[in-house]
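Encoded as structure tokens, the structure appears first; notes follow it.
Below is the structure:
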């Protein structure tokens, strides 16, 4: 259970980081 939760949180933070970088790239293009 702990390992699964860790993987879920890690993937969640990774997705958030990707979304942040994507939005920053879009803003820089404008």
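Numbering (my numbering), first residue to last: 24 to 53. Glycine included, every Cβ here is placed at the ideal spot set by N, Cα and C. Everything numeric in this text was worked out from a predicted model, so none of it was measured.
Asked: So, at 6 Å on beta carbons, what are the nonlocal neighbours of residue 49 in its own chain, with the 5 sequence-adjacent residues on each side left out?; Found: none
Asked: For residue 38, which of helix, strand or coil comes out of DSSP?; Found: helix
Asked: Could you tell me the alpha carbon to alpha carbon distance between residue 53 and residue 47, rounded to whole angstroms?; Found: 10 Å
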